[in-house]
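Report on one structure; see the data block that follows.
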Amino acid sequence: MKSIADIMAIRDAMRSHVGLRDNADAEKEIHIVVGMGTCGLNAGARTVFNTLVDAIEERGLAGVRVTRTGCLGNCEDEPVVEVHVPEKDVATYKNVDAAKALEILNNIQA
Amino acid sequence: MYRTHILVCGGTGCHSNNSGKIREAFEEQIKQKNLQDDVLVVGTGCFGLCAVGPIIIIYPEGAFYSGIKVEDVPEIIEEHIVKGRLVEKFLYHEKALGNKPVKALSDTNFYKKQTRVALRNCGVINPEAIDEYIARDGYQALIKCLTELDPQQVIDIVKASGLRGRGGAGFPTGVKWQFAKNQNNDTKYVCCNADEGDPGAFMDRSVLEGDPHAVLEAMTIAGYAIGSHQGYIYVRAEYPIAVDRLKIAIAQSREYGLLGDNILGTGFAFDIELKLGSGAFVCGEETALMTSIEGHRGEPRPRPPFPAVKGLFAKPTILNNVETYANITQIILNGAEWFASMGTEKSKGTKVFALGGKIVNTGLVEIPMGTTLREIVEDIGGGIPNGKKFKAAQTGGPSGGCIPAEHLDIPIDYDNLISIGSMMGSGGMIVMDEDNCMVDIAKFFLEFTVDESCGKCTPCRIGNRRLLEYLDKITSGKATMQDLDDMEQLCYYIKSNSLCGLGQTAPNPVLSTLRYFRDEYEAHIKEHRCPAHVCKRLIQFKITDKCIGCSACSRKCPVNAISGEIKKKFDIDQAKCIKCGQCIATCKFGAIIKE
Ligand SMILES: Cc1cc2nc3c(=O)[nH]c(=O)nc-3n(C[C@H](O)[C@H](O)[C@H](O)COP(=O)(O)O)c2cc1C
């Protein structure tokens, strides 16, 4: 049997899990797009992607969404990460690794 | 932490279109690609747009794929999941936008005018995972009631919200609860009507399949409010998925201590039991439903005494519809003012409709009260297929009536529908076009009620059968204008003398079609003509000069009624013709017509 505190804890723990399916505010959110075509994957895009998702979860950043996309066209620069902030120009980062990914997040937070 | 969720609709429509197999295929392939730690496959309740099922939605992109088959799964995995590219050909294509693909369900016209309260979790959570329900603030309303509000405050909120019963009659829910609370009795019952007997209706089914905990939570709140410790859900056995998910949900709730002797340690006790109905329409009527739960044959009994005073096992009882309950938690959490801010003066909140018939987007929709019928049919429903014209919409099922084109702009609420001779009913909405004969429609519903009459009272048992005989006479072209008058009189007689709502409302489809389409009745009687070419005994199939004599129709005709010489015009022997229509479907030249 659970207590009220247990239910609250389940809710808080599960919130971001189910929150992934809520795109009602998608237009107001910051989108980070990771190029994950063959080129990106070979260059380490999966590590970048996982680093971003985990860090966002860890820092409890709301309104930031990470999605993957295919080859962005400049394969020699992979892994490539695009940051879409509503009403701002798209920022494109090249040759991203885990450390750079965290730096990108720091920039967004700042 | 999963990066991607693949939601596969597990509502009845998609399920019968093999969505279970699609889900398995996704799970299998995800394992093969070793992505099971990244990608979660979730079976959900109904997304609503059943017309284009099976539907899957992939998050975080929100990509809305429709008409998916098992064979399509590898391509979606390869393209979308591995390479991150939307698979455009599987995206939903919006006709109103020149058949352009639309990325997310929320971007479709079907979705934009909807407001989801009762359906808020349908198609979002896994109905078999209580934790997902809790993540969406599930059981917060119950906690609030048990820890912050006394029973009277709960009832006051429900009253102030203006919520009215969604099962048909539209009785104010808070007032009903108050009656039951005011009774002095140690034993009271909370019942849920999940019988959903209207032909074509699947709102309650979808709520139970997509969000069963919402109903359990609301019933527990109702128990707290009126002072009851036992609930019953009366659900038809013909809803196996709903029954399964309810069973799972009840077991999970008991395990978590959300049902039982000491709910969440607060000392409040409440439990819920399922009762399976066998699908008799009359068992949806409140007194018959309770009689059936008691283990007797489901027949209605006279009121008063009303259930709130003397209901199930002769104890004070409230009975509410599934959708009524599905609104309760949101009213408690967001406040009565929030709920009352939606809708019209006397009908607050939203209403779920099961949209069917001659409409492009058949499916499940939830609209704020006061939305016009035109918005439902044209914007949400995507209009009438095949360029046909709207003729009428039928609401309220066998107890309801038809809304003709002249009332397309009426805001939909309880009182407006009554004023034009129809009713809200539980939310079935069947759209008809110019090819529907309104006398035939009335006959269809009457055949249903004659079948479903329990036989206890004479006006309903015999009166409705006589009424059906009149309709049969009219559709065979043998009736007189005197018959029409007598038939109308009989309608009023049945309405005022029947024991329960079944008989009292059974003549409504006849009266409402008489009100708006009397000319069609008269055409059948005076000219022996069915204007929509539906009533078989009043039409003839004819071959016109367009016939090139290919003989395709004569080979198809099951009764050999068509003969002729090759390359010359063929002929139909009217004495043999059974009007099955196969010749029309076969003819490539449009040479066969109905007259
Ligand atoms: C013949 C007949 C069939 C009915 N069938 C249903 C039904 O399937 N589901 C339902 O909720 N109410 C049905 N009702 C209405 C119930 O009697 C009752 O009014 C309703 O369940 C009360 O709940 P509510 O106040 O939440 O609407 C039916 C009524 C009649 C007369």
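Protein sequence lines correspond, in order, to chains A and B. My numbering puts the first residue of the first sequence at 1, with every later residue one more than the last. My numbering puts the first residue of the second sequence at 1001, with every later residue one more than the last. By construction, the Cβ of each residue, glycine as well, lies at the ideal position given by its N, Cα and C atoms.
Item: Residue from R1518/B, G1200/B and P1300/B with nearest C-alpha to F1448/B; Value: G1200/B
Item: Host alpha helix (DSSP H) of Y1139/B (start-end); Value: Premise fails: Y1139/B is in no alpha helix (DSSP H) and is neither H nor E.
Item: Contacting residues, own chain, Cβ-Cβ under 8 Å from L1289/B (five flanking each side not counted); Value: C1191, N1193, D1195, Y1234, G1277, C1283, G1298 and L1319
Item: Where M1432/B sits in the DSSP three-state scheme; Value: strand
Item: Contact with chain A by D1137/B, beta-carbon distance below 8 Å; Value: yes
Item: Any non-hydrogen atom of ligand 1 within 7 Å of C1500/B CB; Value: yes
Item: Interface residues of the region 1499-1525 of chain B facing chain A [CB-CB below 9 Å]; Value: none
Item: Chain A within 8 Å of Y1059/B, Cβ atoms only; Value: yes
Item: Backbone CA spacing between V1207/B and G1165/B [nearest angstrom]; Value: 15 Å
Item: Straight-line gap, I1022/B to R11/A (C-alpha atoms, nearest Å); Value: 30 Å
Item: Buried/exposed call for G1048/B, threshold 16 Cβ in 10 Å; Value: buried
Item: Cross-strand partners of E1273/B (DSSP beta bridge); Value: Y1232/B
Item: Which listed residue (T1362/B, V1322/B, M1369/B and I1359/B) has its alpha carbon closest to that of F1339/B; Value: M1369/B
Item: C-alpha distance - A62/A paired with I1057/B, whole-angstrom precision; Value: 22 Å
Item: S1426/B: CB within 7 Å of a non-hydrogen atom of ligand 1; Value: yes
Item: Best match in P1411/B, I1418/B and S1161/B for proximity to P1509/B [C-alpha to C-alpha]; Value: I1418/B
Item: C-beta neighbour in chain B for D54/A, strict 8 Å; Value: yes
Item: C-alpha distance - I1155/B paired with P1060/B, whole-angstrom precision; Value: 39 Å
Item: beta-carbon A1118/B near ligand 1 non-hydrogen atom, thresh 7 Å; Value: no
Item: Cβ separation of P1507/B and K1526/B, assumed to be a contact under 8 Å, to the nearest whole Å; Value: Not confirmed; about 23 Å, so no contact.
Item: Partners in chain A for D1486/B, counting only beta-carbon separations shorter than 8 Å; Value: Simply none; closest approach about 57 Å.
Item: CB contact below 8 Å: I1143/B versus chain A; Value: yes
Item: Collapsed DSSP secondary structure at A1442/B in the structure displayed; Value: helix
Item: Three-pair Cβ contact test at 8 Å for the region 1512-1526 of chain B versus the region 1398-1407 of chain B; Value: yes
Item: Neighbourhood of D1472/B by C-beta, 8 Å cutoff - its chain only, sequence neighbours within 5 removed; Value: K1443
Item: Any chain A beta carbon closer than 8 Å to D1271/B; Value: no
Item: Where P1240/B sits in the DSSP three-state scheme; Value: helix
Item: Min CB distance T92/A to chain B below 8 Å; Value: no
Item: Whole runs of the beta strand (DSSP E) within the region 1042-1117 of chain B, excluding any shorter than 3 residues; Value: 1056-1059, 1063-1065, 1092-1094 and 1100-1102
Item: Contained beta strand (DSSP E) runs [length at least 3] in the region 1159-1246 of chain B, N- to C-terminal order; Value: 1189-1194 and 1230-1236
Item: First and last residue of the uninterrupted alpha helix (DSSP H) at E1366/B; Value: Element bounds for E1366/B: not the alpha helix (DSSP H) but the beta strand (DSSP E), G1363 to P1368.
Item: Min CB distance V1124/B to chain A below 8 Å; Value: yes
Item: The region 97-109 of chain A touching the region 1025-1036 of chain B, judged by at least three CB pairs closer than 8 Å; Value: no
Item: Residues bridged to N1017/B [DSSP beta-bridge criterion]; Value: According to DSSP, which records beta bridges pairwise, N1017/B is partnered with nothing at all.
Item: Residue environment, N1126/B, which counts as buried when at least 16 other CB atoms sit within 10 Å; Value: buried
Item: Under 7 Å (Cβ pairs) to chain A, residues found in the region 1081-1101 of chain B; Value: K1083, G1084 and R1085
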